[in-house]
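Visitor: The structure's right below; bear with me while I get my questions together.
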């Protein structure tokens, strides 16, 4: 009985932790996109920063895509 209660609590905590991480991941994606837009609008272009931001944004968008698929149970 005790182990069942602990297992149920762990499942709930895992869900809340995953959901919190999902929100954090979305916030990082928005921040990277905002930074990329600012870099592209800057008068003096930093090509390394633009390239790094593009790669980072691509990775985060792919992970966001997988995350949304997981939300809908298609992964």
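In the working numbering, the protein residues as written are 21 to 95.
Virtual Cβ for every residue (Gly too), placed ideally from N, Cα, C.
Just so we're clear, the structure is a prediction, and the values are computed from it rather than from any experiment.
#1: By the three-class DSSP mapping on this structure, what secondary structure does residue 66 have?
#2: State yes or no: is the C-beta of residue 80 within less than 8 Å of the C-beta of residue 49?
#3: Closest by CA to residue 46, which one among 76, 93, 95?
#4: Quick one, are the C-beta atoms of residue 59 and residue 52 less than 8 Å apart?
#5: Residue 74 and residue 56 - do their beta-carbons sit closer together than 8 Å?
Guide: In this structure, then:
#1: For this step, residue 66 is matched to residue 46 along the chain shown. The answer is coil: DSSP assigns residue 66 none of H, G, I, E or B.
#2: Translated into positions along the chain shown, residue 80 becomes position 60. Translated into positions along the chain shown, residue 49 becomes position 29. Against a cut-off of 8 Å, the Cβ pair of residue 49 and residue 80 comes out as a contact.
#3: As a working note, residue 46 is residue 26 in the chain shown. Checking every option, the nearest Cα to that of residue 46 belongs to 76.
#4: Your numbering for residue 59 matches position 39 in the chain shown. Your numbering for residue 52 matches position 32 in the chain shown. Going by C-beta atoms, residue 59 is not nearer than 8 Å to residue 52.
#5: Sequence index remark: in the chain shown, residue 56 carries index 36 (1-based). Sequence index remark: in the chain shown, residue 74 carries index 54 (1-based). Cβ atoms of residue 56 and residue 74: closer than 8 Å.
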